[in-house]
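Asker: Once you know that position 1 of the sequence shown is 122 in the numbering used here, the rest is easy, because the numbers rise by one and skip nothing.
Glycine included, C-beta positions come from ideal geometry on N, C-alpha and C.
Note that the structure is a prediction, hence the values are computed from the model and not measured.
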Amino acid sequence: MNSLPWVLDVVLAALVMVAGVYDFRFRRIPNWLVLCGLIAGFALNAFLYEWAGLKGALLGMGLATLVYLPLYMVRGMGAGDVKLMAAVGAIVGPRDWIGIFILTAILGGLTAIVLILGKGRVGKTIANLAIIFRQAAALRVPYAATAELDVSQPQAVTLPHGVMIAFASVAFILASFVWAPR
Numbered sequence: 122m123n124s125l126p127w128v129l130d131v132v133l134a135a136l137v138m139v140a141g142v143y144d145f146r147f148r149r150i151p152n153w154l155v156l157c158g159l160i161a162g163f164a165l166n167a168f169l170y171e172w173a174g175l176k177g178a179l180l181g182m183g184l185a186t187l188v189y190l191p192l193y194m195v196r197g198m199g200a201g202d203v204k205l206m207a208a209v210g211a212i213v214g215p216r217d218w219i220g221i222f223i224l225t226a227i228l229g230g231l232t233a234i235v236l237i238l239g240k241g242r243v244g245k246t247i248a249n250l251a252i253i254f255r256q257a258a259a260l261r262v263p264y265a266a267t268a269e270l271d272v273s274q275p276q277a278v279t280l281p282h283g284v285m286i287a288f289a290s291v292a293f294i295l296a297s298f299v300w301a302p303r
């Protein structure tokens with residue numbers, strides 16, 4: 122775990138907390154917010170680390186896009202989540218982005234389990250997983266079999282992923298204070 126300069130910690134925390142609130146309340150993450158995060162990530166990294174900072178910001182943004190874009194393309198995630206993680210990557214770079222990604226995945230998975238159990242959807246979730254695996258084996262997108270697997274459809278059970286990104290990013294910042302030398 123790397124120790125980010127305090128200014129990057131502050132910008133990251135501000136970005137993800139505002140995005141998390143927007144995603145929770147409105148189920149969308151505004152483009153203006155993500156664009157501010159991208160610009161801040163590139164500008165601050167260029168200022169702090171010059172060309173190496175620009176390269177790190179570009180690699181972080183690219184890695185996030187590479188990982189998240191396929192999930193958007195199969196309609197398993199909204200575009201705002203992809204763009205938010207790209208902005209997070211531009212701020213923290215590829216190495217720290219991987220840590221945030223892992224925390225986000227764990228937190229999102231645990232929250233999804235609680236949601237599934239709370240809504241009594243264990244059987245339906247298992248059936249949907251079977252559909253996903255069958256569709257993937259046939260090289261077809263899962264939402265083609267049932268609209269419930271398309272996050273843009275009203276019958277889909279969705280999780281505000283921006284909230285998970287926010288919690289994971291803040292947890293990463295706090296953990297870096299404990300485990301990374303300053």
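Report the start-end ranges of each beta strand (DSSP E) in the region 173 to 243 that is 3 residues or longer and not cut off at the edges.
Answerer: Restricted to the region 173 to 243, not a single beta strand (DSSP E) segment is unbroken, complete and at least 3 residues in length.
Asker: For W218 versus A178, is the C-beta spacing smaller than 8 Å?
Answerer: As a working mapping, residue 218 is identified with position 97 in the sequence shown. As a working mapping, residue 178 is identified with position 57 in the sequence shown. Not a contact, by the Cβ cut-off of 8 Å.
Asker: Helix or strand or just coil, what does DSSP make of R261?
Answerer: Position 140 of the sequence shown, counted from the start, is the residue given in the question as residue 261. DSSP places R261 in coil when its eight states are reduced to three.
Asker: V272 lies in the alpha helix (DSSP H); which residues open and close that run?
Answerer: Sequence index remark: in the sequence shown, residue 272 carries index 151 (1-based). It is not in any alpha helix (DSSP H) - V272 carries neither H nor E in the DSSP assignment.
Asker: With DSSP collapsed to three states, give me the class of I150.
Answerer: Position 29 of the sequence shown, counting from 1, holds the residue named residue 150. I150: coil per DSSP, three-state reduction.
Asker: Please work out which residues of its chain come closer than 8 Å, Cβ to Cβ, to I252, disregarding the five sequence neighbours upstream and downstream, and give them in chain order.
Answerer: Taking the first residue of the sequence shown as 1, we reach residue 252 at position 131. P263, A266, T267 and L270, listed in sequence order.
Asker: Go through its chain and collect everything with a Cβ distance to I221's Cβ below 7 Å, but skip five positions before and after it.
Answerer: For the purposes of this step, residue 221 is taken as the residue at position 100 of the sequence shown. V209, V213, A289, S290 and F293, listed in sequence order.
Asker: Just to confirm, are L169 and L154 a CB contact at a threshold of 8 Å?
Answerer: On the sequence shown, residue 169 is found 48 positions in, with the first residue counted as 1. On the sequence shown, residue 154 is found 33 positions in, with the first residue counted as 1. No, the pair does not count as a contact, with Cβ atoms beyond the cut-off.
Asker: Beta-carbon within less than 7 Å of V128's beta-carbon, same chain only, minus the 5 sequence neighbours each way: which residues are those?
Answerer: Taking the sequence shown and counting its residues from 1, the one referred to as residue 128 is at position 7. For V128, where only same-chain residues beyond five positions count, the Cβ hits under 7 Å are L165.
Asker: Using only the alpha-carbon positions, how far apart do K240 and R148 sit?
Answerer: As a first step, residue 240 must be located in the sequence shown, where it is residue number 119. As a first step, residue 148 must be located in the sequence shown, where it is residue number 27. Distance between the alpha carbons of K240 and R148 is about 19 Å.
Asker: Of the residues M194, A258, P281 and Q274, which one's Cα is nearest the Cα of A226?
Answerer: Numbered from its first residue, the sequence shown carries residue 226 at position 105. Comparing Cα-Cα distances from A226 to each of M194, A258, P281 and Q274, the minimum goes to P281.
Asker: Could you tell me the alpha carbon to alpha carbon distance between I286 and V139, rounded to whole angstroms?
Answerer: Position 165 of the sequence shown, counted from the first residue, corresponds to residue 286. Position 18 of the sequence shown, counted from the first residue, corresponds to residue 139. Distance between the alpha carbons of I286 and V139: 11 Å.
Asker: Using alpha carbons as the reference points, say which of V299, L260 and G283 lies closest to Y143.
Answerer: Within the sequence shown, numbered from 1, the residue matching residue 143 stands at position 22. Among V299, L260 and G283, the Cα nearest to that of Y143 belongs to G283.
Asker: Does DSSP put T246 in a helix, in a strand, or in coil?
Answerer: Residue mapping note: residue 246 aligns to position 125 of the sequence shown, counting from 1. T246 falls in the helix class under three-state DSSP.
Asker: With 16 as the cutoff for other CB atoms within 10 Å, does S273 come out buried or exposed?
Answerer: As a working note, residue 273 is residue 152 in the sequence shown. Per the 10 Å Cβ criterion, exposed.
Asker: Would you say A211 and G162 are within 8 Å of each other, going by their C-beta atoms?
Answerer: Along the sequence shown, one-based indexing puts residue 211 at 90. Along the sequence shown, one-based indexing puts residue 162 at 41. If you check the CB distance, A211 and G162 come in under 8 Å.
Asker: Would you call I150 buried or exposed, if buried means 16 or more other Cβ atoms sit within 10 Å of its Cβ?
Answerer: Here residue 150 corresponds to residue number 29 of the sequence shown, with the count starting at 1. Flag for I150 reads buried.
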